[in-house]
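Numbered per my numbering, the sequence shown finishes at 151, counting up by one with no gaps. By construction, the Cβ of each residue, glycine as well, lies at the ideal position given by its N, Cα and C atoms. A quick note: this is a predicted structure, and the numbers were derived from the prediction, not measured. Accompanying notes for the structure given below.
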Amino acid sequence: GHETTTNLLSNALHRCLSEPGVWATMVADPSTIPGAVEETLRFDSSVIAWRRVTTTEAVIGETTVPAGAKILVLLGSANRDPAVFDQPERFDISRTDSRYLSFGWGKHYCLGAPLAKLELEVVLQELTCRLPNLRLADDRPLTYHRNVCFRGPRSLHLTW
C-alpha cells in the first residue's frame, strides 16, 4: 500500500498548491481539509484504472461482456463523469458529492480506504499548520510514473 499512499499524498499536495486559493483556504480553515481529501480522491486519485475478469456474462450499457473477459475499469474517467458530478473538471474542496470510485465499489471496495483517507487528512492538517507558506518550488511540468493503473508524479519540488 505504500505506492498508492505516496502517490495520493503527492497528487494532493500538487493539486492543493497549484489550484488558486485552495492552500490558503485550508490554512485559514482546517475544517475544509476533509473536503480536500475527498476531492483529491475524486479528481486526482492515485488509482485511475483497475483490471478485472468477468466471472459471469455481464451487460454494461448496451454491450454484453462474456464470462472470462478481461476488462479495464477506468476509475479516473468514472470519477469525472458529467452525468454524476456537476462541473467534473473543476477541483472543488467544498463539493459534497463523493460518489467517486477511487477505492472500488461493493465487495471490491478497498479495505485500506479509511486508513488512506486518515493519512492524507493528518498530513494536510500538519502541513497547513506547520508550513502555511508551503508552495511549489517551480512551475516545471510534472512527469508521472509509467503505469496504467497507478498515477503519481516521479518527484514533487516544494519550498516554504
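Check: Beta-carbon gap between A60 and V44 smaller than 8 Å; Outcome: yes
Check: Span of the alpha helix (DSSP H) around A27; Outcome: 24 to 34
Check: Whole beta strand (DSSP E) elements within the region 65 to 89, 3-residue minimum; Outcome: none
Check: Spatially closest choice to L127 from E112, A3, A19, S22, by CA coordinates; Outcome: A3
Check: Classification of T(-5) by the beta-carbon crowding that lies within 10 angstroms, buried from 16 upward; Outcome: buried
Check: V169 to P25 span [Cα, whole Å]; Outcome: With the chain represented from -8 up to 151, any question about residue 169 goes unanswered, as that position is not in the structure.
Check: Between the CA atoms of H148 and R131 - distance to the nearest angstrom; Outcome: 9 Å
Check: Candidates E30, A15, L0: closest to F76 by CA position; Outcome: E30
Check: Cutoff 8 Å; reference R100; Cβ partners in own chain excluding five residues on either side; Outcome: Sequence inspection shows Tyr at residue 100; the Arg mentioned does not correspond to that position. Excluding residues within five positions, the ones whose Cβ falls inside 8 Å are F94.
Check: V114, enclosing alpha helix (DSSP H) - first and last residue; Outcome: 104 to 121
Check: Whole-angstrom C-beta distance between L0 and L111, which should lie under 8 Å; Outcome: 6 Å
Check: For P73 and L122, the rounded distance between their alpha carbons; Outcome: 35 Å
Check: C-beta contact flag for E48 and T55 at 8 Å; Outcome: yes
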